[in-house]
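Each remark here refers to the structure printed beneath this line.
Chains as they are written, first to last, in my numbering: chain A, 391 to 501; chain B, 557 to 670.
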C-alpha cells in the first residue's frame with residue numbers, strides 16, 4: 391500500500407510564479423482534503439472533495455488558489471500568482487469512512 | 557466558528573511517566589474525535605479515535621471523552637523518548653452523512669526526557 395503520494399516534496403519559487411501541487415489519494419478512498427500548515431496558524435483545511443466533487447472550499451484563502459480533482463486518483467492545488475506569505479507545508483489527505491490519512495506534504499517556499 | 561483548543565506546551569515528562577494531553581472543543585454536536593501524532597518534519601499520523609463517552613485503550617495509549625464537558629484527552633503510559641512529537645486533536649463536525657471534515661487544534665508539543 392503506497393499511501394497518499396504528493397509531489398513535489400519541496401518547491402522553491404519566486405513571487406509571482408505559478409505553483410502546482412499534486413496528490414494521488416489511496417486507492418478506494420472517496421474523500422480528499424488539502425491542508426496548509428504553518429507555525430502561526432497550525433493545520434488549516436483549504437478544500438475537500440467527496441467523490442471528486444468539491445464540497446467545501448471556504449478555507450481557500452483567496453482567488454489565487456484553485457483546486458481540481460479530475461478523477462478519483464488525482465488532484466491538484468494551484469497557486470497563481472504565488473506570494474511569500476504562501477510559504478508553508480501543504481498536505482493532502484485521503485479518507486474512507488471518516489479516517490483521514492496524510493501524505494508526506496509539499497514544503498513550499500516563495501521568495 | 558468551530559474551535560478546538562489545546563495547550564501548545566511544550567509538555568515535558570521524564571521517561572516512564574504518564575503524559576496527559578488535553579483538548580476542548582466548541583461544537584456540542586461533534587461526534588467523532590481523533591488524535592494524530594506528528595514528528596518534526598513529518599506528516600500527521602492517526603493514532604487514536606473515540607466516539608463514545610469514557611475511555612478507550614490501545615496499548616500504552618488511552619483516549620478519554622467527556623461530551624458533557626466537551627473535553628477529550630490522550631494519556632500515554634510509560635512514556636518513551638520516541639513519543640516526543642506534537643499531538644494534534646481533531647474533531648469531526650456534525651454526525652453521519654458524507655461530511656468528513658475535521659477541525660484540528662494547533663497541537664501540543666510533548667518532550668519525553670531520558
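For every residue, glycine included, the Cβ atom is placed at its ideal position computed from N, Cα and C.
Asked: Range covered by the beta strand (DSSP E) that runs through residue 574 of chain B; Found: From DSSP, residue 574 of chain B is part of no beta strand (DSSP E); its letter is neither H nor E.
Asked: Closer than 8 angstroms to chain B by CB, residue 480 of chain A; Found: no
Asked: Contact set between residue 421 of chain A and chain B, taken where Cβ atoms lie within less than 7 angstroms; Found: 656
Asked: Residue 489 of chain A at chain B interface by Cβ criterion, 8 angstroms; Found: yes
Asked: Burial state of residue 414 of chain A, where buried means 16 or more other Cβ atoms lie within 10 Å; Found: buried
Asked: C-beta neighbour in chain B for residue 495 of chain A, strict 8 angstroms; Found: yes
Asked: Spatially closest choice to residue 431 of chain A from B/590, B/603 and B/660, by CA coordinates; Found: B/660
Asked: Within 7 angstroms of chain B by C-beta, residues of the stretch 417-449 of chain A in sequence order; Found: 421, 432, 433, 435, 438, 440 and 446
Asked: Local conformation of residue 475 of chain A per DSSP, three classes; Found: helix
Asked: At least 3 beta-carbon pairs within less than 8 angstroms: the stretch 606-618 of chain B vs the stretch 443-456 of chain A; Found: no
Asked: Separation of residue 645 of chain B from residue 494 of chain A, as counted between CA atoms; Found: 19 angstroms
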